[in-house]
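There are 2 protein chains.
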Amino acid sequence: LRLEKIGTVRSPWRRREQAPRQGAEAGATAVIEIEPVWREALEGIEPGRHLWVVCYLHQADEPRLRVHPRGDPSRPLTGLFNTRSPARPSPLGLCLVEVLAVEEGRLTVRGLDAIDGTPVVDLKPYLPGVDQPRRTP
Amino acid sequence: LRLEKIGTVRSPWRRREQAPRQGAEAGATAVIEIEPVWREALEGIEPGRHLWVVCYLHQADEPRLRVHPRGDPSRPLTGLFNTRSPARPSPLGLCLVEVLAVEEGRLTVRGLDAIDGTPVVDLKPYLPGVDQPRRTP
Chain Y
1 LRLEKIGTVR SPWRRREQAP RQGAEAGATA VIEIEPVWRE ALEGIEPGRH LWVVCYLHQA
61 DEPRLRVHPR GDPSRPLTGL FNTRSPARPS PLGLCLVEVL AVEEGRLTVR GLDAIDGTPV
121 VDLKPYLPGV DQPRRTP
Chain X
1 LRLEKIGTVR SPWRRREQAP RQGAEAGATA VIEIEPVWRE ALEGIEPGRH LWVVCYLHQA
61 DEPRLRVHPR GDPSRPLTGL FNTRSPARPS PLGLCLVEVL AVEEGRLTVR GLDAIDGTPV
121 VDLKPYLPGV DQPRRTP
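So the sequences go chain by chain: Y and X.
Under this note's numbering, think of the first position of the first sequence as 1, with each following residue one higher.
Under this note's numbering, think of the first position of the second sequence as 1, with each following residue one higher.
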């Protein structure tokens, strides 16, 4: 199962310890540099829109079965898939961002928690309704 | 950039044409069979919870730069990353599901639009707030 890198994160965070733990806490902006061959695929993406950014967490630790939520040893261990820990068998990060600017294959976004140099493997539009829990009938 | 298959979708849809286009339209339930080695990582996931299911769309078409939204030729072409088309360079599907049951490495879920046999590469808890657009201050 192989992925293609379609871009690279440019962010203020050089090391994992510096990066905010969730995009929600990431007040600063980041840039996604899109590979030239995929730039045309950005057509229609405009400032103010929200996107899912799927990153490949290349510096993630080896996957574990159980982790402390948010890396906090005072919180009891729970199943890996019950957390957003990067120590996953498929080290994918999922982050909802707001598009601030689109220019020459560079997306400036708010809400991305990835460190500088992180490969981006996919971008998807946020779909209200579809991407929200629904009430059970 | 490599992924690990952590499970397999068991759904009523045998061919792409049969599958609903978004999980939101998927009234039927599906089962995710988790690989034995990763079953312990489900700990803490309970019925009623919402999860992101990341699938590897093994039957997706070759990636394109521009597509018709929802495959509808009457809608104008737009950039691939402005759509959820499966014809992506990294053929990942992202689907929010509700957990209906968890038993012996089998997750029964509502809202999954993948065809039978689709590899699952990741599961993540839905985080209210983090996974929703925020108001700009």
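All C-beta atoms in this analysis are idealised placements derived from N, C-alpha and C, irrespective of residue type, glycine included.
As the structure is a prediction and not an experimental result, all values here were calculated from the model.
| Item | Value |
| --- | --- |
| CB contact check: L57(Y) to chain X, cutoff 8 angstroms | no |
| Alpha carbon of P76(X) to alpha carbon of T83(X), nearest angstrom | 12 angstroms |
| N-terminal and C-terminal residue of the beta strand (DSSP E) that D113(Y) is part of | From DSSP, D113(Y) is part of no beta strand (DSSP E); its letter is neither H nor E. |
| In DSSP terms, what L133(Y) is bridged to | The displayed chain sequence assigns Pro, not Leu, to residue 133(Y). P133(Y) pairs with nothing; no bridge assigned. |
| Within-8 angstroms CB hit, D138(X) to chain Y | Lying before the first or after the last residue shown, residue 138(X) is absent from chain X, which here runs from 1 to 137. |
| Cβ-based neighbour list, D116(Y), same chain, cut-off 8 angstroms, excluding 5 preceding and 5 following | V9, R10, S11, P12, W13, R14 |
| Contact under 8 angstroms by Cβ, D138(Y) with P86(Y) | Any answer about residue 138(Y) is impossible in this case: the structure gives chain Y only from 1 up to 137. |
| Check whether L107(X) and L3(Y) have beta carbons under 8 angstroms apart | no |
| Range of the contiguous beta strand (DSSP E) that encloses V54(X) | 50–56 |
| Assigned secondary structure, P91(Y) (DSSP; H/G/I helix, E/B strand, else coil) | coil |
| Where V54(Y) meets chain X, residues with beta-carbon distance less than 9 angstroms | V54, S90, L92, L94 |
| Spatial distance of Q59(Y) from A19(Y) (CA atoms) | 12 angstroms |
| Contact belief for P125(X) with L51(X) at Cβ below 8 angstroms, rounded distance in angstroms | 6 angstroms |
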